[in-house]
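Visitor: Numbering (the numbering used here), first residue to last: 20 to 526. I'd like to ask you about the structure that follows.
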Ligand code: CS2
């Protein structure tokens, strides 16, 4: 592999001589129609790629002004590289690298909130995409409403100074945009159920609580659309080895490359108040049917994301560094596939023409992709924001019908064991490397527990997976028993216990 440091820098002069995905956006940043919040690897390997392909098919003024949340890690090299970077695609046929050239400006949300607000208010911008992860929507895991317990959100509600949260930035930007009244679209691209409607709901609650004028509320209601979407592409975190791979393949130094699997899917509700790129010509599926998008979202959250969490937590507890290493363990694969088939699939309506067997075969192939190197610690991080999207609804469905969702309970117990371990239990290096904004708070809440079972009861009782689920004592007891098994007998024995109990009638 070539050392990236020795290769000449990637910049605009390389376009034309190196392979490129789709087409370049128009060069004039003033005509960039899209603002993106959350300029990380996922957006750059997903929506940006579909946008480049749409531009190749139909053109249009759809350059992207991208803001990272707080890190300079992507923004600075992208600025040095004229917004260009490469996507490494890893498939059975090997690896290929292509340039992407659709970004027409970058910045950092937390450093330049005023600029984000001005961009949203600017009539030349017509839509905003979001990849800010689950936490960016500020939905309380306890109540399902706007998370007014969050100090940053509360500060934004009080309105003194620049907004610091995504919802606060959107509210301020749209309030200014309402003066001119130009329509706008906010298109969330995160693994959040009904993300478009959720974003609209959180934003509207925010505006109401902060005392916004009726005109602003009416503008948002009537002239801003919030389509739902399902996004899917596995994108591991970029490492320096990725730059070396690009140097070997393309002969240039790219300090902001991304690597991804070949699979990419984007299903979007076709509800755009101010136009959009021809994404349907760039590999996305657009449908006017919000119900169909929701069915795809549920497939994604319940068949892929929820079970992905289980693989990550069991794998980390078993000392596995990557998802494929974890999924190669027969007992992890068995627990995962039974979680999917028995506890997840029966709780969703499938999109029309959707073949679950083909999807699951594909999924298992994707999870076995060793070249991708997707880490258990990456998928296992932020469980406090991810699991509320993945666990409570299917668990409640089974509990209401008198069945035991033991593999869903195992997912929760394994999350606790990794991220909020009971006193005296060391979950190992991979689990210790997982991060979670609620870790400290949960750890403190459970500090008085004298046993793993009590530890689990306190954590669930705090409402970390909704208050509704916390009311189901049988679920709490299941998690308590499985956490005890994890801590005393290890993940494999706990998984066997859960497999035995799964879907038994409990009344
Ligand atoms: C994963 C997702 O980290 C996670 O929670 O389940 O990032 C997953 O890789 C993507 O959603 C795939 O589209």
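Here a beta-carbon is modelled for each residue, glycine too, at the ideal position from N, C-alpha and C.
Could you check whether the region 255-264 touches the region 220-232, counting it as contact only if at least three pairs of C-beta atoms, one from each stretch, sit closer than 8 Å?
Guide: Verdict: no, contact absent.
Visitor: Does the beta-carbon of residue 323, which I'm using as the reference point, lie nearer than 7 Å to any heavy atom of ligand 1?
Guide: Result yes, Cβ under 7 Å from ligand 1.
Visitor: Is residue 300 near residue 249, with beta carbons less than 8 Å apart?
Guide: No. Outside cutoff.
Visitor: Is any heavy atom in ligand 1 found nearer than 7 Å to the beta carbon of residue 405?
Guide: Yes, ligand 1 has a heavy atom inside 7 Å of this Cβ.
Visitor: With which residues is residue 105 paired in a DSSP beta bridge?
Guide: DSSP lists 118 as partners of residue 105.
Visitor: In angstroms, rounded to a whole number, what distance separates the CA positions of residue 101 and residue 235?
Guide: Their Cα atoms are separated by approximately 37 Å.
Visitor: Does the contact criterion of 3 or more C-beta pairs under 8 Å hold for the region 308-315 versus the region 404-419?
Guide: No, because fewer than three Cβ pairs between the region 308-315 and the region 404-419 fall closer than 8 Å, the two stretches do not touch.
Visitor: Closest by CA to residue 16, which one among 141, 481, 115, 131?
Guide: Residue 16 lies beyond the range of the chain shown here (20 to 526); nothing can be said about it.
Visitor: Per DSSP, residue 285 forms a beta bridge with which residues?
Guide: 250, per the DSSP bridge assignment.
Visitor: Quick check: the Cα distance between residue 277 and residue 115, rounded to an integer number of angstroms?
Guide: Approximately 12 Å between the Cα atoms of the pair.
Visitor: Between which residues of its own chain and residue 69 is the CB-CB distance below 6 Å, once the five residues before and five after are set aside?
Guide: Excluding sequence neighbours, residue 69 sits near 285, 298, 301, 302, 303.
Visitor: Could you compute how far the alpha carbon of residue 193 sits from the alpha carbon of residue 361?
Guide: Near 44 Å, if we compare the C-alpha coordinates of residue 361 and residue 193.
Visitor: Which residues in the same chain have their Cβ closer than 6 Å to the Cβ of residue 195, if we skip the five residues on either side of it in sequence?
Guide: For residue 195, where only same-chain residues beyond five positions count, the Cβ hits under 6 Å are 140.
Visitor: Looking at ligand 1, does it come within less than 7 Å of residue 186, judged from the CB to the closest heavy atom?
Guide: Checking the Cβ of residue 186 against ligand 1 gives no.
Visitor: What are the boundary residues of the alpha helix (DSSP H) that residue 215 is part of?
Guide: Per DSSP, residue 215 belongs to the alpha helix (DSSP H) from 214-228.
Visitor: Skipping 5 residues on each side, what residues in its chain have a beta carbon closer than 8 Å to that of residue 156?
Guide: Only 185, 186, 207, 209, 211, 214, 217, 218, 221 meet the Cβ criterion.
Visitor: Which two residues bound the contiguous alpha helix (DSSP H) that contains residue 280?
Guide: No alpha helix (DSSP H) holds residue 280; the beta strand (DSSP E) holding it covers 277-280.
Visitor: Contact criterion: CB-CB distance below 8 Å. Does residue 423 meet it with respect to chain C?
Guide: Among the chains of the structure shown, chain C does not appear; only one protein chain is present.
Visitor: Compute the minimum distance between the beta carbon of residue 28 and the heavy atoms of ligand 1, and state whether it is under 7 Å.
Guide: Checking the Cβ of residue 28 against ligand 1 gives no.
Visitor: With DSSP run on the structure shown, which of helix, strand or coil describes residue 305?
Guide: Strand at residue 305.
Visitor: Taking only the alpha-carbon atoms, compute the straight-line gap between residue 149 and residue 83 and give it to the nearest angstrom.
Guide: If you take the alpha carbons of residue 149 and residue 83, they lie about 12 Å apart.
Visitor: In chain order, what residues of the same chain lie with their CB nearer than 7 Å to the CB of residue 134, ignoring the 5 residues before and after it?
Guide: Result list for residue 134: 126, in chain order.
Visitor: Note down the Cα distance separating residue 61 from residue 175, rounded to an integer number of angstroms.
Guide: The straight-line gap from Cα to Cα measures roughly 27 Å.
Visitor: Residues in the same chain with beta-carbon distance under 7 Å from residue 42, minus the five sequence neighbours each way, listed in chain order, please.
Guide: Closer than 7 Å at the Cβ level, and outside the excluded window around residue 42, lie 71, 74, 75.
Visitor: Mind listing, in chain order, the continuous alpha helix (DSSP H) runs of no fewer than 4 residues lying wholly within the region 154-202?
Guide: Qualifying alpha helix (DSSP H) stretches, in chain order: 170-177, 185-199.
Visitor: Run through DSSP, which three-state label would residue 140 get?
Guide: Of the three classes helix, strand and coil, the one that applies to residue 140 here is helix, per DSSP.
Visitor: Could you check how far apart the C-beta atoms of residue 322 and residue 287 are, in whole angstroms? I think they sit under 8 Å.
Guide: That pair is no contact at about 19 Å.
Visitor: Excluding the 5 residues flanking residue 524 on each side, which residues of the same chain have their C-beta closer than 7 Å to its C-beta?
Guide: Cβ within range, chain order: 421, 422.
Visitor: Give me whichever residues DSSP pairs with residue 86 in a beta bridge.
Guide: DSSP output for residue 86 lists 56, 126 as bridge partner(s).
Visitor: Could you compute how far the alpha carbon of residue 171 sits from the alpha carbon of residue 128?
Guide: Looking at the two C-alpha atoms, the distance is approximately 14 Å.
Visitor: Give every residue of the same chain whose Cβ lies closer than 6 Å to the Cβ of residue 489, excluding the five residues on either side of it in the sequence, and list them in chain order.
Guide: Counting only Cβ-Cβ distances below 6 Å, and skipping sequence neighbours, we find 479, 480, 482.
Visitor: Indicate whether residue 432 and residue 501 have their beta-carbon atoms separated by less than 8 Å.
Guide: Yes, the Cβ-Cβ distance between residue 432 and residue 501 is below 8 Å.
Visitor: Report back the beta-carbon spacing between residue 160 and residue 328 to the nearest angstrom; my notes put them in contact at under 8 Å.
Guide: Not a contact, Cβ separation roughly 15 Å.
Visitor: What number of angstroms, rounded off, separates the C-alpha of residue 168 from the C-alpha of residue 464?
Guide: In a straight line, the C-alpha of residue 168 is about 16 Å away from that of residue 464.
Visitor: Identify every run of the alpha helix (DSSP H) within the region 359-439, keeping only runs that are complete inside it and at least 4 residues long; order them along the chain.
Guide: DSSP runs (the alpha helix (DSSP H)) wholly in the region 359-439: 375-386, 395-399, 402-409, 411-419, 425-438.
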